[in-house]
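Residue numbers (the working numbering): 131 to 380.
A virtual CB, placed ideally from N, CA and C, is assigned to each residue, including glycine.
To start, the structure itself, in C-alpha coordinates.
Structural data, given as C-alpha coordinates:
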(Lines of atoms letter the chains of each structure in order from A and count residues from 1; the text may use other names and numbers.)
(Lines give C-alpha, C1' and ligand atoms only; values in the text may rest on other atoms or scores of the structure.)
Protein backbone atom coordinates (compact mmCIF):
# COMPACT_ATOMS: atom_id res chain seq x y z
CA UNK A 1 0.00 0.00 0.00
CA UNK A 2 1.43 3.39 -0.94
CA UNK A 3 0.48 7.01 -0.42
CA UNK A 4 1.96 9.39 -2.98
CA UNK A 5 1.90 13.04 -1.94
CA UNK A 6 3.11 15.60 -4.46
CA UNK A 7 4.35 18.75 -2.78
CA UNK A 8 4.85 21.81 -4.95
CA UNK A 9 7.55 23.83 -3.18
CA UNK A 10 7.77 26.49 -5.90
CA UNK A 11 7.78 26.74 -9.66
CA UNK A 12 11.19 25.07 -9.86
CA UNK A 13 11.03 22.12 -7.48
CA UNK A 14 8.52 19.35 -6.85
CA UNK A 15 8.99 16.82 -4.09
CA UNK A 16 7.50 13.33 -4.21
CA UNK A 17 6.82 11.99 -0.73
CA UNK A 18 6.28 8.27 -0.56
CA UNK A 19 5.18 6.63 2.67
CA UNK A 20 4.87 2.93 2.06
CA UNK A 21 2.48 2.20 4.89
CA UNK A 22 -0.89 3.78 4.13
CA UNK A 23 -3.85 3.65 1.77
CA UNK A 24 -3.08 3.42 -1.90
CA UNK A 25 -3.40 6.47 -4.09
CA UNK A 26 -1.77 6.13 -7.47
CA UNK A 27 -0.06 9.19 -9.00
CA UNK A 28 -2.35 9.04 -12.01
CA UNK A 29 -5.36 9.64 -9.75
CA UNK A 30 -4.03 12.92 -8.37
CA UNK A 31 -4.64 16.29 -9.95
CA UNK A 32 -3.88 19.88 -9.10
CA UNK A 33 -7.04 20.39 -7.07
CA UNK A 34 -6.33 17.83 -4.35
CA UNK A 35 -5.63 18.54 -0.71
CA UNK A 36 -3.57 15.82 0.94
CA UNK A 37 -3.00 15.31 4.67
CA UNK A 38 0.52 14.18 5.50
CA UNK A 39 1.61 12.20 8.54
CA UNK A 40 2.43 15.51 10.23
CA UNK A 41 -1.16 16.66 9.85
CA UNK A 42 -0.25 19.32 7.31
CA UNK A 43 -2.65 20.22 4.50
CA UNK A 44 -0.86 20.57 1.16
CA UNK A 45 -2.59 21.71 -1.98
CA UNK A 46 -1.27 20.50 -5.31
CA UNK A 47 -0.36 23.30 -7.69
CA UNK A 48 -0.85 23.01 -11.47
CA UNK A 49 1.89 20.51 -12.24
CA UNK A 50 2.16 17.34 -14.22
CA UNK A 51 1.56 14.53 -11.74
CA UNK A 52 3.18 12.05 -14.07
CA UNK A 53 6.64 13.50 -13.50
CA UNK A 54 7.47 11.28 -10.57
CA UNK A 55 6.42 7.69 -10.72
CA UNK A 56 9.99 6.86 -9.66
CA UNK A 57 10.77 7.54 -6.03
CA UNK A 58 13.93 8.26 -4.16
CA UNK A 59 14.66 6.22 -1.06
CA UNK A 60 12.20 6.52 1.75
CA UNK A 61 14.71 8.30 3.97
CA UNK A 62 15.55 10.83 1.25
CA UNK A 63 11.86 11.54 0.71
CA UNK A 64 11.25 11.97 4.41
CA UNK A 65 14.17 14.38 4.75
CA UNK A 66 13.04 16.43 1.75
CA UNK A 67 9.47 16.78 2.95
CA UNK A 68 10.51 17.34 6.55
CA UNK A 69 12.69 20.20 5.41
CA UNK A 70 9.85 21.59 3.29
CA UNK A 71 7.35 21.46 6.13
CA UNK A 72 9.77 23.21 8.44
CA UNK A 73 10.43 26.01 5.98
CA UNK A 74 13.94 24.87 5.07
CA UNK A 75 15.13 24.83 1.47
CA UNK A 76 16.83 21.66 0.25
CA UNK A 77 18.95 23.67 -2.20
CA UNK A 78 21.95 25.76 -1.23
CA UNK A 79 21.49 29.35 -0.10
CA UNK A 80 21.90 31.98 -2.78
CA UNK A 81 22.44 34.96 -0.46
CA UNK A 82 25.58 33.70 1.29
CA UNK A 83 28.55 36.03 1.77
CA UNK A 84 31.20 35.89 -0.91
CA UNK A 85 34.84 35.87 0.25
CA UNK A 86 35.53 39.63 -0.16
CA UNK A 87 32.31 40.52 1.67
CA UNK A 88 33.13 38.05 4.41
CA UNK A 89 36.63 39.42 5.03
CA UNK A 90 35.50 43.04 4.96
CA UNK A 91 32.65 42.15 7.31
CA UNK A 92 35.16 40.58 9.72
CA UNK A 93 37.12 43.83 9.63
CA UNK A 94 33.97 45.82 10.40
CA UNK A 95 32.95 43.42 13.17
CA UNK A 96 36.41 43.71 14.70
CA UNK A 97 36.00 47.49 14.66
CA UNK A 98 33.17 47.15 17.15
CA UNK A 99 35.81 46.31 19.77
CA UNK A 100 37.30 49.80 19.41
CA UNK A 101 36.71 52.26 22.24
CA UNK A 102 37.44 55.25 20.04
CA UNK A 103 34.30 57.44 20.22
CA UNK A 104 34.87 59.05 16.80
CA UNK A 105 36.40 56.38 14.55
CA UNK A 106 36.00 52.61 14.82
CA UNK A 107 38.26 50.93 12.28
CA UNK A 108 39.02 47.24 11.82
CA UNK A 109 41.45 45.28 9.68
CA UNK A 110 41.58 41.65 8.55
CA UNK A 111 44.65 39.96 7.02
CA UNK A 112 44.04 37.04 4.66
CA UNK A 113 46.57 34.65 3.14
CA UNK A 114 46.58 33.08 -0.34
CA UNK A 115 44.44 30.17 0.91
CA UNK A 116 41.67 32.56 2.00
CA UNK A 117 42.45 31.96 5.65
CA UNK A 118 42.40 34.78 8.18
CA UNK A 119 45.82 35.19 9.79
CA UNK A 120 45.40 38.48 11.62
CA UNK A 121 42.68 40.78 12.96
CA UNK A 122 42.97 44.18 14.61
CA UNK A 123 41.16 47.39 15.49
CA UNK A 124 42.24 50.84 16.57
CA UNK A 125 42.94 51.27 20.27
CA UNK A 126 45.52 52.14 22.88
CA UNK A 127 48.68 50.01 23.31
CA UNK A 128 48.59 46.89 25.48
CA UNK A 129 49.11 47.63 29.14
CA UNK A 130 48.17 51.31 28.81
CA UNK A 131 45.04 52.27 30.72
CA UNK A 132 42.75 53.74 28.07
CA UNK A 133 40.86 55.60 30.80
CA UNK A 134 43.99 57.66 31.47
CA UNK A 135 44.71 58.57 27.85
CA UNK A 136 42.81 61.12 25.75
CA UNK A 137 40.39 60.14 23.00
CA UNK A 138 39.63 63.58 21.54
CA UNK A 139 40.59 64.59 18.02
CA UNK A 140 41.61 68.18 18.73
CA UNK A 141 43.01 70.14 21.63
CA UNK A 142 45.27 73.10 22.24
CA UNK A 143 48.07 70.71 23.08
CA UNK A 144 48.64 67.87 20.60
CA UNK A 145 49.54 65.64 23.53
CA UNK A 146 45.97 65.97 24.75
CA UNK A 147 44.63 64.30 21.61
CA UNK A 148 44.49 60.60 20.79
CA UNK A 149 46.93 60.75 17.89
CA UNK A 150 50.26 60.37 19.70
CA UNK A 151 48.99 57.28 21.52
CA UNK A 152 46.49 55.23 19.52
CA UNK A 153 47.51 52.15 17.51
CA UNK A 154 45.78 51.83 14.17
CA UNK A 155 43.90 48.73 13.07
CA UNK A 156 46.52 47.78 10.48
CA UNK A 157 49.30 47.79 13.07
CA UNK A 158 47.31 45.65 15.48
CA UNK A 159 46.30 43.17 12.77
CA UNK A 160 49.95 42.72 11.79
CA UNK A 161 51.08 42.39 15.40
CA UNK A 162 48.23 39.98 16.20
CA UNK A 163 49.14 37.60 13.36
CA UNK A 164 48.65 33.91 14.12
CA UNK A 165 51.19 32.75 11.53
CA UNK A 166 54.96 33.02 11.24
CA UNK A 167 54.61 36.03 8.96
CA UNK A 168 52.11 37.77 6.70
CA UNK A 169 54.24 37.95 3.56
CA UNK A 170 52.18 37.79 0.39
CA UNK A 171 48.91 38.34 2.25
CA UNK A 172 46.14 40.86 1.60
CA UNK A 173 44.69 43.21 4.18
CA UNK A 174 41.04 44.25 4.27
CA UNK A 175 40.54 47.55 6.08
CA UNK A 176 37.70 50.02 6.48
CA UNK A 177 39.80 53.12 5.78
CA UNK A 178 42.64 53.61 3.35
CA UNK A 179 45.81 53.22 5.45
CA UNK A 180 47.73 56.28 6.56
CA UNK A 181 51.42 56.76 5.74
CA UNK A 182 52.54 55.22 9.05
CA UNK A 183 50.45 52.11 8.42
CA UNK A 184 51.69 52.00 4.83
CA UNK A 185 55.23 51.66 6.20
CA UNK A 186 54.17 48.72 8.35
CA UNK A 187 52.32 47.09 5.47
CA UNK A 188 55.42 47.35 3.30
CA UNK A 189 57.80 46.08 5.98
CA UNK A 190 55.50 43.13 6.80
CA UNK A 191 55.49 42.01 3.17
CA UNK A 192 51.79 42.42 2.48
CA UNK A 193 51.00 42.47 -1.23
CA UNK A 194 47.53 43.98 -1.48
CA UNK A 195 45.33 46.50 0.35
CA UNK A 196 41.55 46.32 -0.02
CA UNK A 197 39.87 49.33 1.56
CA UNK A 198 36.28 50.55 1.74
CA UNK A 199 36.57 54.29 2.36
CA UNK A 200 39.10 56.82 1.11
CA UNK A 201 37.49 59.87 2.70
CA UNK A 202 40.86 61.42 3.60
CA UNK A 203 42.18 60.99 0.05
CA UNK A 204 43.66 64.49 -0.32
CA UNK A 205 45.33 64.78 3.07
CA UNK A 206 49.16 64.76 3.17
CA UNK A 207 49.24 61.45 5.05
CA UNK A 208 47.18 59.66 2.40
CA UNK A 209 49.13 61.19 -0.46
CA UNK A 210 52.36 59.99 1.16
CA UNK A 211 50.78 56.58 1.77
CA UNK A 212 49.92 56.09 -1.89
CA UNK A 213 53.39 57.21 -2.89
CA UNK A 214 54.98 54.63 -0.59
CA UNK A 215 52.68 51.82 -1.70
CA UNK A 216 53.29 52.62 -5.35
CA UNK A 217 57.05 52.62 -4.90
CA UNK A 218 56.88 49.28 -3.07
CA UNK A 219 54.70 47.74 -5.78
CA UNK A 220 51.81 47.00 -3.43
CA UNK A 221 48.41 46.94 -5.08
CA UNK A 222 45.49 48.75 -3.53
CA UNK A 223 41.87 48.80 -4.62
CA UNK A 224 38.56 49.97 -3.28
CA UNK A 225 36.07 47.38 -2.13
CA UNK A 226 32.61 47.82 -3.67
CA UNK A 227 30.02 46.10 -1.45
CA UNK A 228 27.08 44.25 -2.96
CA UNK A 229 24.95 45.11 0.07
CA UNK A 230 24.89 48.13 2.35
CA UNK A 231 24.66 46.20 5.59
CA UNK A 232 25.05 42.76 7.11
CA UNK A 233 22.88 42.01 10.13
CA UNK A 234 23.99 39.59 12.83
CA UNK A 235 20.91 38.12 14.46
CA UNK A 236 21.74 35.91 17.43
CA UNK A 237 18.16 34.60 17.45
CA UNK A 238 18.32 33.29 13.87
CA UNK A 239 19.83 29.98 14.99
CA UNK A 240 16.59 29.18 16.84
CA UNK A 241 14.15 29.91 14.03
CA UNK A 242 13.81 26.45 12.46
CA UNK A 243 14.11 24.21 15.49
CA UNK A 244 15.13 20.57 15.20
CA UNK A 245 14.67 18.32 12.20
CA UNK A 246 14.67 14.55 12.61
CA UNK A 247 16.08 14.89 16.14
CA UNK A 248 19.21 16.66 14.86
CA UNK A 249 20.50 20.10 15.72
CA UNK A 250 21.76 21.15 12.27
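Nearest to residue 235 by alpha carbon, out of 290, 369, 307 and 245? 307
Considering only residues of the same chain and omitting the five flanking positions on each side of residue 287, which have a CB-CB separation below 6 Å? 316
For residue 307, list the residues DSSP reports as bridge partners. 329
Buried versus exposed call for residue 322 [16 or more other C-beta atoms within 10 Å across all chains shown]: buried
Under the three-state reduction of DSSP, which class applies to residue 281: helix, strand or coil? coil
Chain-order list of residues whose beta-carbon lies under 6 Å from that of residue 295 (same chain, five-residue window excluded): 249
Three-state secondary structure (DSSP) of residue 245: coil
Three-state secondary structure assigned by DSSP to residue 271: coil
Got a sec? Which residues, its chain only, sit under 8 Å from residue 329 by beta carbon, not counting five neighbours each side? 306, 307 and 308
Select from 310, 267, 246 and 208 the residue whose C-alpha is nearest the C-alpha of residue 332. 310
Measuring only the C-alpha atoms, how far is residue 225 from residue 347? 31 Å
Beta-carbon separation (whole angstroms), residue 227 vs residue 242, contact threshold 8 Å: Actually they do not touch by this definition, with Cβ atoms about 16 Å apart.
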